[in-house]
Amino acid sequence: MVSLRQQKKLNNNNIATLTLKSGQSFTGVSFGADTNVSGEAVFTTSLVGYPESMTDPSYTGQILVFTQPLIGNYGVPGPVKDEYGLFKYFESEKIQVAGIVVNDYATRYSHWTAVESLGEWCKRFNIPAISGVDTRAVVHILREQGSTLGHIGINGAKPVFADPNADNLVAKVSTPVPVEYNRGGDIKIAVIDCGVKQNILRCLVKRGAHVMVLPYNYDFLKDADAFDGLFISNGPGSPTTCPETIAHLRKAIDTFNKPIFGICMAAIW
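Residue numbers (this note's numbering): 3 to 271.
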């Protein structure tokens, strides 16, 4: 149920509904793009950092529910890059989530880095966003039954559920060509990009590493003598959609006599 406060704050906006495949629905007000979308419904308990969460490639194809009640109060910063050529405030070059759901959207924002509102940012990337939802109730359902497919519909649109994990999501977010950072670094680390976050790369280069970011299906073993360690990144979806990467890693475990580090999705390969 949309509260009177939400109606007054966003009285020119359309009604939006989050529907879960398990049958529950939650009505709110649209403050992003007025478009319908399907995705895997998940939640985050982060108190701050919504620009970082929304640009995290690991959330590709997912509808992200925020447990923090007030979202948007410090706006969205611009695509500023640091001295290494990495985004300072984002984890990738664009919004990766399929949509977002919040309890209370702050229509007024204030922060010295902000260049636009959260709603404006979502509209620019054609991302639907709902405010006025009891996110505690949504999270309770997701915690009890696990993640489920969800649908965001505008003005009563009939929900259609499509599983994003049926596609190779890693291929959508991985770099298409090798990219290097900090070429003057003391050691060379090969990063298999399954959806690597900018801050992971920053952590490596700040510690003096020459980082080469490689496509997820790149045969890194042919260049094994050229680097000192292997890093397999985080990413969206299921590892089973990446048979080439699995085959390369299986061979590397038997033949690669150098450190191998995996994080997030890579830890379950």
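We put the beta carbon where it would ideally sit given N, CA and C, even for glycine. Just so we're clear, the structure is a prediction, and the values are computed from it rather than from any experiment.
For residue 121, the enclosing alpha helix (DSSP H) begins and ends at 120-126.
Of all C-beta pairs linking the segment 101-111 to the segment 55-72, three or more are shorter than 8 Å, placing the two stretches in contact. A buried status is given to residue 184, since no fewer than 16 other beta-carbon atoms sit within 10 Å of its beta-carbon. Its Cα nearest to that of residue 51, the residue 201 stands out among 245, 201, 64, 246. Comparing C-alpha distances from residue 144 to each of 253, 208, 248, 27 shows the shortest one belongs to 27. The alpha carbon of residue 187 has as its nearest neighbour, out of 197, 170, 31, 205, the alpha carbon of 205.
It is roughly 11 Å from the alpha-carbon of residue 57 to the alpha-carbon of residue 101. With respect to the 9 Å criterion, residue 62 and residue 239 are classified as neighbours on the basis of their beta carbons. Judged by DSSP in its simplified three-state form, residue 58 adopts coil rather than helix or strand.
Beta-bridge partners assigned by DSSP to residue 190: 212. Between the alpha carbons of residue 116 and residue 77 lies a distance of about 5 Å. Between residue 131 and residue 103, the CB-CB gap stays under 9 Å. In the three-state reduction of the DSSP assignment, residue 137 falls in the helix class, which pools H, G and I.
Looking at the DSSP output, residue 83 shares a beta bridge with 89. Rounded to the nearest angstrom, the gap between the Cα atoms of residue 226 and residue 172 is 23 Å. When secondary structure is reduced to three states using DSSP, residue 223 falls in the helix class. In terms of Cα proximity to residue 196, the closest of 157, 248, 228 is 248. Residue environment: residue 114 is assigned as exposed (fewer than 16 neighbouring CB atoms within 10 Å of its CB, all protein chains considered). Closest by C-alpha distance to residue 207, out of 87, 81, 21, is 87. A residue is called buried once 16 or more other Cβ atoms fall within 10 Å of its Cβ, and residue 18 is buried on that count.
Residue environment: residue 49 is assigned as exposed (fewer than 16 neighbouring CB atoms within 10 Å of its CB, all protein chains considered).
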